[in-house]
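Trainee: Questions regarding the structure given below will be posed in turn.
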DNA sequence: GTAAATGCAAAGGTTTTGCACGTTA
DNA sequence: TAACGTGCAAAACCTTTGCATTTAC
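Protein chains in written order, with this note's numbering: chain A, 1 to 171; chain B, 1 to 171.
Set out below in structure tokens:
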């Protein structure tokens with residue numbers, strides 16, 4: 001097996017290569033730190049992800065990257081994304097439209113955000129206006145859940161569904 | 001077109017038949033109120049959904065229902081579920097394992113709950129232990145989001161991800 | 001040079017669609 | 001008896017896998 005490939009739905013972390021091996025700040029450093037190679041596909045995919053306006057599907061990324069590196073294959077996009085997800089550099093999102101979306105995990109300000117999904121046009125807006133209550137609520141919830149259900153909480157996801165500006169006005 | 005079929009990813013509500021036409025308390029009444037017929041597939045699928053231990057995939061439901069009504073087709077299960085989702089009687093859930101899960105929308109006590117998803121074994125636990133803070137937090141969040149992003153909030157979903165009891169102990 | 005990474009083609013799995021045949025009201 | 005609803009088979013769609021080839025180190 002060329003490198004860690006996750007079974008669909010598994011987190012597929014291989015020994016010594018998953019989350020936690022890439023302490024560097026740069027993506028190059030992170031990849032190298034985990035024993036992965038720096039390649040053109042990885043470079044251009046990360047550059048695309050780094051662009052503003054996230055929530056791209058694998059095919060979105062493939063098409064955009066194809067313009068600058070026409071040799072790219074969709075398979076590589078999937079494999080690269082999966083690798084980055086497992087390294088914790090990318091989040092795999094899902095807005096209920098049957099295809100996964102991906103976004104770069106940012107540090108600091110933008111790190112913590114959730115999404116508003118328009119159920120009609122599928123537009124997704126980042127929701128960053130957090131209030132202290134959320135942090136407090138989540139902290140308590142996690143503590144309670146860990147205790148009651150013996151569950152080790154690793155993360156959470158909050159999505160709001162509704163109608164965006166445009167769709168709400170269209171009757 | 002026999003009846004409203006949603007395009008993948010659309011909510012596909014037809015005129016006068018979507019959410020809001022089924023004021024009755026019984027599923028029979030709701031279907032009839034929306035102009036839909038009472039059929040054996042719909043009956044047995046709803047009975048299955050009404051059973052405890054939700055989060056069933058279309059195929060889960062198909063297999064369970066098949067035992068009591070062997071004539072059922074998987075297509076009908078999908079179409080029925082889609083219909084019920086659009087009528088607001090069923091929630092379509094997604095825990096990131098590539099297949100949708102469905103659960104009956106309950107009224108009252110059980111109405112409001114979220115999920116704990118084990119990222120390893122995919123087990124899902126209902127999380128019903130709500131604290132006042134959550135309600136407060138969500139209320140404010142929704143208000144803020146509506147104003148700032150001009151978004152009509154219809155619902156939300158909170159998921160916690162982590163490791164369940166068993167998986168956490170398996171190192 | 002050697003193992004890792006890629007690209008293509010093919011397969012896999014879930015969900016949707018077309019259409020002729022049943023069923024409900 | 002007219003629509004509505006169903007079942008089957010086939011298609012569509014996203015994602016994964018096998019394998020020969022290329023590439024990074």
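We put the beta carbon where it would ideally sit given N, CA and C, even for glycine.
Quantities reported herein were computed from a predicted structural model and do not represent experimental measurements.
Does any CB atom of chain A fall closer than 7 Å to the CB of residue 151 of chain B?
Mentor: Judged by the 7 Å Cβ criterion, residue 151 of chain B is in contact with chain A.
Trainee: Going along the chain, which unbroken runs of the beta strand (DSSP E) with 3 or more residues stay wholly within the stretch 40-110 of chain B?
Mentor: Fully enclosed beta strand (DSSP E) runs of 3 or longer: 90-94, 100-104.
Trainee: Using a Cβ-Cβ cut-off of less than 7 Å, list which residues of the stretch 124-138 of chain A approach chain B; keep chain order.
Mentor: Listed in sequence order: 125, 127, 129, 131, 133, 134, 136, 137.
Trainee: Exposed or buried, what is residue 134 of chain A when buried is set at 16 or more other beta-carbons lying within 10 Å of its beta-carbon?
Mentor: Residue 134 of chain A is buried by the Cβ-count criterion.
Trainee: Interface residues of chain B around residue 168 of chain A at Cβ under 9 Å?
Mentor: Chain B residues near residue 168 of chain A: 150, 151, 152.
Trainee: Output, in sequence order along the chain, the residues in the stretch 58-76 of chain B whose CB is closer than 9 Å to any CB in chain A.
Mentor: Hits within the stretch: zero.
Trainee: So which of B:153, B:140, B:122, B:87 has the shortest CA-CA distance to residue 100 of chain B?
Mentor: Residue B:122 is the option with its Cα nearest to residue 100 of chain B.
Trainee: Mapping DSSP to helix, strand and coil, what is residue 154 of chain B?
Mentor: Residue 154 of chain B: strand per DSSP, three-state reduction.
Trainee: Give me the residue from B:155, B:168, B:146 with the minimum Cα distance to residue 165 of chain A.
Mentor: Checked all of B:155, B:168, B:146; the closest Cα to residue 165 of chain A is B:146.
Trainee: Should residue 79 of chain B go down as buried or exposed, given a rule of 16 or more other Cβ atoms within 10 Å for buried?
Mentor: Under this definition residue 79 of chain B is a buried residue.
Trainee: Buried or exposed: residue 112 of chain B, going by 16 or more other Cβ atoms within 10 Å of its Cβ?
Mentor: When all chains shown are included, residue 112 of chain B counts as exposed.
Trainee: Would you mind reading off the limits of the beta strand (DSSP E) that contains residue 126 of chain A?
Mentor: That run of the beta strand (DSSP E) goes 124-127.
Trainee: If you compare alpha carbons, which of A:169, A:170, A:157 is closest to residue 91 of chain A?
Mentor: Of the listed residues, the one whose Cα sits closest to residue 91 of chain A is A:157.
Trainee: Mind checking which residues open and close the beta strand (DSSP E) that includes residue 115 of chain B?
Mentor: From DSSP, the beta strand (DSSP E) with residue 115 of chain B extends over 114-118.
Trainee: Residue 139 of chain A to residue 160 of chain B, Cα distance in whole Å?
Mentor: If you take the alpha carbons of residue 139 of chain A and residue 160 of chain B, they lie about 12 Å apart.
Trainee: Use the C-beta contact count for residue 16 of chain B: other C-beta atoms within 10 angstroms, 16 or more gives buried, fewer gives exposed.
Mentor: With a pLDDT of 41 at residue 16 of chain B, under the threshold of 50, the modelled position of that residue is not reliable, and the figure given next carries that caveat. The residue in question, residue 16 of chain B, is exposed, as its Cβ has fewer than 16 Cβ neighbours within 10 Å.
Trainee: So what's residue 147 of chain B in DSSP terms, helix, strand or just coil?
Mentor: Reduced to three states, the DSSP call for residue 147 of chain B is helix.
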